[in-house]
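Enquirer:
There are 2 protein chains.
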Amino acid sequence: MDKIIVTPLKQIHNPKGDVYHAMKKSDNGFEGFGEAYFSTINKDEIKGWKKHTQMTLNLIVPVGEIEFVVFDDESKEFFSIKLSQNNYNRLTVKPNVWMAFRGLGEYNILLNLASIEHEPSESINMEFEDIAYEW
Amino acid sequence: MDKIIVTPLKQIHNPKGDVYHAMKKSDNGFEGFGEAYFSTINKDEIKGWKKHTQMTLNLIVPVGEIEFVVFDDESKEFFSIKLSQNNYNRLTVKPNVWMAFRGLGEYNILLNLASIEHEPSESINMEFEDIAYEW
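So the protein lines, in turn, are chains A and B.
Per the numbering used here, residue 62 is the first one in the first sequence, and the count goes up by one each step.
Per the numbering used here, residue 62 is the first one in the second sequence, and the count goes up by one each step.
(1) Pull up the distance between the alpha-carbon of Lys104 (chain B) and that of Asn147 (chain B), whole angstroms please.
(2) What number of angstroms, rounded off, separates the C-alpha of Ile65 (chain B) from the C-alpha of Met116 (chain B)?
(3) Going by CA-CA distance only, name the one from B:Gly109, B:Pro69, B:Val124, B:Phe99 that's closest to Val130 (chain B).
(4) Run through DSSP, which three-state label would Glu167 (chain A) get?
(5) Taking DSSP as the reference, what is the three-state secondary structure of Asp79 (chain B)?
(6) Going by C-alpha distance, which of B:Gln72, B:Leu144, B:Ala175, B:Gly78 is nearest Val154 (chain B)?
(7) With DSSP collapsed to three states, give me the class of Asp133 (chain A).
(8) Listed in chain order, which residues of the region 69–86 of chain A have Cβ atoms closer than 7 Å to some Cβ of chain B?
(9) Where does the unbroken beta strand (DSSP E) through His113 (chain B) begin, and where does it stop?
(10) Could you name the residues of chain B that Thr101 (chain A) contacts, counting a contact when the two beta carbons are closer than 7 Å?
(11) Using three-state DSSP, classify Glu128 (chain B) as helix, strand or coil.
(12) DSSP has Glu138 (chain B) in a bridge; who is on the other side?
(13) From the DSSP output, in three-state form, read off Glu96 (chain B) for me.
(14) Taking the straight line between their C-alpha atoms, what separation do you get for Val67 (chain B) and Tyr149 (chain B)?
(15) Would you say the region 87–95 of chain B touches the region 121–130 of chain B, given that touching needs at least three Cβ pairs under 8 Å?
(16) Throw me the rounded Cβ distance for the Ile121 (chain B) and Phe162 (chain B) pair, which I believe falls under 8 Å.
(17) Could you tell me whether the Cβ of Leu174 (chain B) comes closer than 7 Å to any Cβ of chain A?
(18) Look at the Cβ atom of Pro123 (chain A), then the Cβ atom of Phe99 (chain B), and state whether they are nearer than 7 Å.
(19) Does Gly109 (chain B) get closer than 7 Å to chain A when you measure Cβ to Cβ?
(20) In the structure shown, what three-state DSSP assignment does Ser182 (chain B) receive?
(21) Near Phe189 (chain A), what residues of its chain come up, given a Cβ to Cβ distance below 8 Å and the 5 sequence neighbours on each side ignored?
(22) Assuming the contact rule is C-beta atoms closer than 8 Å, Leu165 (chain B) and Lys143 (chain B) should be a hit. Round their C-beta distance to whole Å, please.
(23) Going by C-alpha distance, which of A:Val158, A:Met84, A:Phe139, A:Glu135 is nearest Glu183 (chain A)?
(24) Which whole-angstrom value is the C-beta distance of Asp133 (chain A) and Met62 (chain A), which I expect to be below 8 Å?
(25) Any beta-carbon of chain A closer than 7 Å to the one on Gly95 (chain B)?
(26) Within 7 Å (strictly less), CB to CB, does Asn123 (chain B) reach chain A?
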């Protein structure tokens with residue numbers, strides 16, 4: 062799917078506490094900084110579907126494990142990936158695809174480095190049932 | 062101390078998992094986006110002292126509790142704050158002060174939204190013992 066990028070991220074061990082990379086402005090997928098926020102997702106809960114028409118998302122999971130599913134309604138393709146400290150990648154999601162995510166661990170948190178500030182009018186929600194996907 | 066800013070951040074309750082604000086580009090303390098990274102700090106460990114000569118740090122603690130101590134060697138002032146989900150603020154640290162931080166909870170993680178990319182030559186380290194502070 063050409064509207065997503067998966068980028069492996071460095072984890073730097075330190076005996077006092079590790080350092081985990083998230084994003085540099087020179088990285089592939091960086092489309093400007095608008096806002097950073099965290100979203101937590103409880104075990105077995107799913108948030109979505111949502112489509113952003115302008116925002117590029119850069120998603121990193123520093124705690125827990127989250128499954129992301131992206132659906133491109135032009136190509137009818139699905140893409141899914143489980144991110145965690147054990148599969149530590151950044152998921153870039155470009156505008157105009159549907160996205161939903163599910164909590165897999167006991168406590169799950171994502172960081173979104175978004176290319177624009179939150180603006181309700183640029184995103185569209187759809188009911189969970191309205192896109193058929195075998196979770 | 063004029064080289065720090067403490068900004069209360071919103072926590073938005075959601076039954077599927079809460080949302081925690083971190084930073085918008087229009088916020089006070091935003092000096093451009095260079096890099097975002099996570100640093101974990103084990104319980105009772107202290108990382109520091111470090112002084113950045115160019116980087117402005119924007120520090121958020123989404124998990125656990127971390128005590129930050131800032132020392133301005135011009136004014137000889139100390140500043141300290143404990144950040145956590147229960148005291149959910151963003152700590153902006155401007156260049157040219159010393160900073161150290163200690164893990165207080167069982168698992169502690171900070172996000173730094175840094176104004177420039179990591180560049181070893183712009184920061185200076187000092188031994189923990191070299192700044193007298195009653196932790």
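From the three backbone atoms N, C-alpha and C, an ideal C-beta is built for every residue, glycine too.
Expert: According to the structure data:
(1) Looking up residue 104 (chain B) in the second sequence gives position 43. Looking up residue 147 (chain B) in the second sequence gives position 86. One C-alpha to the other measures close to 17 Å.
(2) Translated into the one-based positions of the second sequence, residue 65 (chain B) becomes position 4. Translated into the one-based positions of the second sequence, residue 116 (chain B) becomes position 55. If I take the Cα positions, the gap works out to 13 Å.
(3) Taking the first residue of the second sequence as position 1, residue 130 (chain B) is located at position 69. Ranking the options by Cα distance to Val130 (chain B), first place goes to B:Gly109.
(4) As a working note, residue 167 (chain A) is residue 106 in the first sequence. Coil at Glu167 (chain A), not helix or strand.
(5) For the purposes of this step, residue 79 (chain B) is identified with residue 18 of the second sequence, where counting begins at 1. In the three-state reduction of the DSSP assignment, Asp79 (chain B) falls in the coil class.
(6) Within the second sequence, the letter at position 93 stands for residue 154 (chain B). Nearest option by C-alpha distance: B:Ala175.
(7) Sequence index remark: in the first sequence, residue 133 (chain A) carries index 72 (1-based). DSSP places Asp133 (chain A) in the strand class (E or B) of the three-state scheme.
(8) When CB distances to chain B are screened at a threshold of 7 Å, the residues of the region 69–86 of chain A falling below it are Lys77, Gly78, Asp79, Val80, Tyr81, His82, Ala83, Met84, Lys85, Lys86, in chain order.
(9) Residue 113 (chain B) sits at position 52 when you count from the first residue of the second sequence. His113 (chain B) -> beta strand (DSSP E) spans 107–113.
(10) In the first sequence, counting from the first residue as 1, residue 101 (chain A) sits at position 40. Simply Gly78, Asp79.
(11) For this step, residue 128 (chain B) is matched to residue 67 along the second sequence. Three-state DSSP puts Glu128 (chain B) in a strand.
(12) Taking the second sequence and counting its residues from 1, one reaches residue 138 (chain B) at position 77. Glu138 (chain B) is bridged to B:Asp133.
(13) The sequence position of residue 96 (chain B) within the second sequence is 35, counting from 1. Under the three-state reduction of DSSP output, Glu96 (chain B) falls in the strand class.
(14) Within the second sequence, the letter at position 6 stands for residue 67 (chain B). Within the second sequence, the letter at position 88 stands for residue 149 (chain B). Rounded to the nearest angstrom, the two C-alpha atoms are 10 Å apart.
(15) no
(16) For the purposes of this step, residue 121 (chain B) is identified with residue 60 of the second sequence, where counting begins at 1. For the purposes of this step, residue 162 (chain B) is identified with residue 101 of the second sequence, where counting begins at 1. Incorrect: roughly 13 Å between the Cβ atoms, too far for contact.
(17) Here residue 174 (chain B) refers to the residue found at position 113 when the second sequence is read from its first residue. It does; some Cβ of chain A falls within 7 Å.
(18) Position 62 of the first sequence, counted from the start, is the residue given in the question as residue 123 (chain A). Position 38 of the second sequence, counted from the start, is the residue given in the question as residue 99 (chain B). Taking 7 Å as the Cβ cut-off, Pro123 (chain A) and Phe99 (chain B) qualify as a contacting pair.
(19) Counting from 1 along the second sequence, the entry for residue 109 (chain B) is found at position 48. Not closer than 7 Å to any Cβ of chain A, the Cβ of Gly109 (chain B) fails to qualify, so no.
(20) In the second sequence, counting from the first residue as 1, residue 182 (chain B) sits at position 121. Helix, per DSSP.
(21) Within the first sequence, the letter at position 128 stands for residue 189 (chain A). Contacts found: Ile107, Gly109, Trp110, Ala161.
(22) Indexing the second sequence from 1 puts residue 165 (chain B) at position 104. Indexing the second sequence from 1 puts residue 143 (chain B) at position 82. With 8 Å as the limit, Leu165 (chain B) and Lys143 (chain B) qualify as a contact, their Cβ atoms being about 7 Å apart.
(23) By 1-based counting over the first sequence, the position of residue 183 (chain A) is 122. The residue with the shortest Cα to Cα distance from Glu183 (chain A) is A:Val158.
(24) Indexing the first sequence from 1 puts residue 133 (chain A) at position 72. Indexing the first sequence from 1 puts residue 62 (chain A) at position 1. Asp133 (chain A) to Met62 (chain A), Cβ: 6 Å. Contact.
(25) As a position in the second sequence, residue 95 (chain B) is number 34, starting the count at 1. With 7 Å as the cut-off, Gly95 (chain B) counts as an interface residue toward chain A.
(26) As a working note, residue 123 (chain B) is residue 62 in the second sequence. The sequence given here has Pro at residue 123 (chain B), not Asn. Judged by the 7 Å Cβ criterion, Pro123 (chain B) is in contact with chain A.
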